Each structure stands twice: as structure tokens, then as C-alpha cells.
DNA sequence: AAAAAGTTTGTAATGATTACAAAAAAATTG
DNA sequence: CAATTTTTTTGTAATCATTACAAACTTTTT
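Protein chains in written order, with the numbering used here: chain C, 1 to 140; chain X, 1001 to 1140.
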């Protein structure tokens, strides 16, 4: 997606498409590594030395509120962000620390939902060992 | 469960059953409200004025490591703990802030798991409005 | 009883996030 | 287009949960 398209998208969601917000969104869009706010900041401050940490936080919050970015619920220290807001699960490898996406069957997830509740968000994650770490250290 | 049984249980899991650890475990066992460390501390310090915050953290970590307590992954500020380590999901109500349990079908959850990964832990939660808050404010 | 190991406590440090106010930028108004 | 208002950014300071650490204490082992 081009920056122009991103600007349009932000505008549609009621966010003024500032350089900073587009940069944050672009980073998340291009790096599907579920980075933390600090990771985003460190990456962006290279290109834009004037960017502040607070703006990264502000932008992330604005993007989450606008529904363009999702905040992950994981048992990690910091919060992680994802530009992929479609239904999918996350796997957190306890050995390498990586967070991988995996697909979720929509109808299967529907069947998990508790009755009587109005579901607006969901977080489905598993943790353990990713395939690479399993073969690297098979016994554990 | 009696404190005696808890002491035995901790012992079986390789934890010395100290007064503090039993108190923390007992609180979680009796209060299925998914409290934070601070909440546990505030409750316990009433009865045991000498208890320290650090000990509550230490005890929680020890209990989690021993598999007697589970740390929840939610999109909240602090970490929440649960003495129920059996498979179940959590619902976080965005209006009242409450966290409710709901049952999960084991085989359904199995079918969600990604292939090739060794799954050691899982967190399944939904957020939105609980039934009480839905009827209290139906339009939203 | 002495030594060793494990646990608790209080305080200090850390680290992520938020609060806040001034400066800057953009949008609106006349 | 200039003046005013609104929004956003920036930098610093504050906050809040959690962790680090070392001394004191308790329990276990010898």
C-alpha cells in the first residue's frame, strides 16, 4: 500500500493523516513482526530524528481506536501491535521469543464464543515452541 | 480446600508451604475474580500486616511456575491471576471492567491449534459487553 | 548446635506508559 | 489573507507495575 493510500485510509477513519501517523502505520503494515511501541520508535527515529516517543504512543492509540491497528494480548512485558486486524491467532515461542501468526477458522471461533455476551474483540493465542525451536532442541 | 490440603499440594509441587504462599494461594482459590498482584496484596496485608508486596509477587511467580496458578493474558494494565488452571476462556467487559470465566470445549480448542507447534500454554479471551451491561445500556 | 539453603522483607531501581504544557502545524473563520 | 481556533507534536516529568537486591529471618540439613 502506498503512503497516499494510507493517507486516504486514515482520513476515512477520521484521523488526520500526519507524517507521523502514516510513518507508524506504514511501519506496522510493512513489518508484520508485532513490534512494541519502543521498537517502532527506534525504527522511525532513524529516518525522522525529530519524532518523539510520545507521538509513537499517541499514533498507536489513535490507530487502534480507529480500528486500523490491533493491540495484542500476550503475557509479555510490553504491548505489541499489529496492522493486520483480520481474524487470526498468535503463537508466542518461549524459546526464541518470536510471535507468529496463524489462521483461525471463523466459524470455529464463533462456536467458542460464550452465549449472551456482545463480542467486540477477541484474542486467541498459544505459547510453547515454534517448529524451528522444536527441531533445534527436540528434547525440551 | 483447607489450608492443610493447600500446604500438601504446594509441597507436592516442590514449594515449601509457607504462611505467605498459602495465604496467596488461598486468596486466589477463594476469590475467582482474577485479581492483580496489588489486589491480592491489599487483601492479605489486612490480616497479616507484615506481608510485603514483594512476597506476593514472589509467591505468585512460584505458584505459576509450579502450575498451580495461571497468569492471564489480557489487554489490561496489570497482570491478573487465576487459581483455576483448567481450560477455560475469559471475557473482559469493557463497560464494567469485570472478567468472567466461560467454558471452552477441549476438542474445539484443539482444532484451533496451529500445526507443527508444541503448545504449552493458551489464552482465549473475548471482550465487549457482558449480559448485565448489555441490558443496562442496550443501544451501545 | 552450627552451617547451609531457602524465604521474606523493605527499599531502591527499572522500564513501559501516561500526563502535561508549550510549541508547531493545520483548519476554520471573518 | 490574516486572525483565531483546533489539532497534533514534542520533551520532560510523573506514574505505576514489576523487578533487583541485600539484609534479616526461618527452616532444613549436617
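Here a beta-carbon is modelled for each residue, glycine too, at the ideal position from N, C-alpha and C. None of the values given here were measured: they were computed from a predicted structure.
For this session: State yes or no: is the beta carbon of residue 129 (chain C) nearer than 8 Å to at least one beta carbon in chain X?
Result: For the purposes of this step, residue 129 (chain C) is taken as residue 129 along the first chain, with counting starting at 1. Judged by the 8 Å Cβ criterion, residue 129 (chain C) is in contact with chain X.
Exercise. Is the stretch 1104 to 1119 of chain X close to the stretch 98 to 114 of chain C, with three or more CB pairs under 8 Å?
Worked result: yes
Exercise. What does DSSP give as the partner residues of residue 1019 (chain X) in its beta bridges?
Worked result: Against the second chain, residue 1019 (chain X) aligns to sequence position 19. BP columns for residue 1019 (chain X) are empty, so no partner.
For this session: Report all residues from its chain with a CB closer than 7 Å to the CB of residue 1001 (chain X); omit the five preceding and five following residues, and keep chain order.
Result: For the purposes of this step, residue 1001 (chain X) is taken as the residue at position 1 of the second chain. For residue 1001 (chain X), where only same-chain residues beyond five positions count, the Cβ hits under 7 Å are 1029.
Exercise. Which residue from C:98, C:63 and C:42 puts its Cα closest to that of residue 132 (chain C)?
Worked result: Indexing the first chain from 1 puts residue 132 (chain C) at position 132. The residue with the shortest Cα to Cα distance from residue 132 (chain C) is C:98.
For this session: Express the C-alpha separation of residue 1045 (chain X) and residue 1020 (chain X) in angstroms, rounding to a whole number.
Result: In the second chain, the residue the question calls residue 1020 (chain X) occupies position 20. In the second chain, the residue the question calls residue 1045 (chain X) occupies position 45. Rounded to the nearest angstrom, the two C-alpha atoms are 10 Å apart.
Exercise. Which class does residue 31 (chain C) belong to by DSSP, given the choice of helix, strand or coil?
Worked result: Residue mapping note: residue 31 (chain C) aligns to position 31 of the first chain, counting from 1. Residue state, collapsed to three classes: coil.
For this session: Could you run through the stretch 27 to 41 of chain C and flag, in chain order, every residue whose CB is less than 7 Å away from some CB of chain X?
Result: none
Exercise. Is the beta carbon of residue 1198 (chain X) less than 8 Å from the beta carbon of residue 1078 (chain X)?
Worked result: No statement about residue 1198 (chain X) is possible, as the shown extent of chain X runs from 1001 to 1140 and does not include it.
Exercise. Can you give the Cα-Cα distance for residue 1072 (chain X) and residue 75 (chain C), rounded to whole angstroms?
Worked result: Walking along the second chain from the start, residue 1072 (chain X) turns up at place 72. Walking along the first chain from the start, residue 75 (chain C) turns up at place 75. Straight-line Cα distance between these residues: approximately 7 Å.
Exercise. Does the beta carbon of residue 63 (chain C) come closer than 8 Å to any beta carbon on chain X?
Worked result: Taking the first residue of the first chain as position 1, residue 63 (chain C) is located at position 63. No, residue 63 (chain C) lies away from the interface with chain X (no Cβ there is under 8 Å from its Cβ).
For this session: Assign residue 160 (chain C) to buried or exposed, taking buried as 16 or more other Cβ atoms, counted over all protein chains shown, within 10 Å of its Cβ.
Result: Since the first residue of chain C shown is 1 and the last is 140, residue 160 (chain C) is not available in this structure.
For this session: Determine whether the Cβ of residue 122 (chain C) lies closer than 8 Å to any Cβ atom of chain X.
Result: Locating residue 122 (chain C) in the first chain gives position 122, counting from the first residue. So, interface residue.
For this session: Using a Cβ cut-off of 7 Å, pull out every chain X residue sitting near residue 183 (chain C), in sequence order please.
Result: With chain C running from 1 to 140 in the structure shown, residue 183 (chain C) is simply not present.
Exercise. From residue 95 (chain C) to residue 130 (chain C), what does the alpha carbon distance come to, in whole angstroms?
Worked result: As a working mapping, residue 95 (chain C) is identified with position 95 in the first chain. As a working mapping, residue 130 (chain C) is identified with position 130 in the first chain. One C-alpha to the other measures close to 8 Å.
For this session: Round the Cβ separation of residue 68 (chain C) and residue 25 (chain C) to the nearest angstrom and send it over; I've been treating them as touching at under 8 Å.
Result: Taking the first chain and counting its residues from 1, one reaches residue 68 (chain C) at position 68. Taking the first chain and counting its residues from 1, one reaches residue 25 (chain C) at position 25. Correct: roughly 6 Å between the Cβ atoms.
Problem set entry | Sequence-distant residues of the same chain with beta carbon closer than 8 Å to residue 7 (chain C), five excluded per side | Your numbering for residue 7 (chain C) matches position 7 in the first chain. Only 17 and 22 meet the Cβ criterion.
Exercise. What are the start and end residues of the alpha helix (DSSP H) that includes residue 117 (chain C)?
Worked result: Walking along the first chain from the start, residue 117 (chain C) turns up at place 117. Run containing residue 117 (chain C): none; DSSP gives neither H nor E here.
Exercise. Got a sec? Which residues, its chain only, sit under 8 Å from residue 62 (chain C) by beta carbon, not counting five neighbours each side?
Worked result: Position 62 of the first chain, counted from the first residue, corresponds to residue 62 (chain C). Excluding residues within five positions, the ones whose Cβ falls inside 8 Å are 15 and 21.
Problem set entry | Beta-carbon contacts of residue 1034 (chain X) that lie in its chain and below 8 Å, excluding the five residues immediately before and after | Within the second chain, the letter at position 34 stands for residue 1034 (chain X). If we look at residue 1034 (chain X) and ignore the five residues flanking it on each side, its Cβ neighbours are 1072, 1080, 1081, 1082, 1090 and 1099.
For this session: Using the Cα positions of residue 1050 (chain X) and residue 1085 (chain X), report the straight-line distance between them to the nearest angstrom.
Result: Here the question's residue 1050 (chain X) lines up with position 50 in the second chain. Here the question's residue 1085 (chain X) lines up with position 85 in the second chain. In a straight line, the C-alpha of residue 1050 (chain X) is about 29 Å away from that of residue 1085 (chain X).
Problem set entry | residue 135 (chain C) versus residue 64 (chain C) - alpha carbon distance | Taking the first residue of the first chain as position 1, residue 135 (chain C) is located at position 135. Taking the first residue of the first chain as position 1, residue 64 (chain C) is located at position 64. In a straight line, the C-alpha of residue 135 (chain C) is about 36 Å away from that of residue 64 (chain C).
For this session: Tell me, please, whether the CB atom of residue 73 (chain C) is closer than 8 Å to any CB atom in chain X?
Result: Walking along the first chain from the start, residue 73 (chain C) turns up at place 73. Cβ-Cβ to chain X under 8 Å: yes for residue 73 (chain C).
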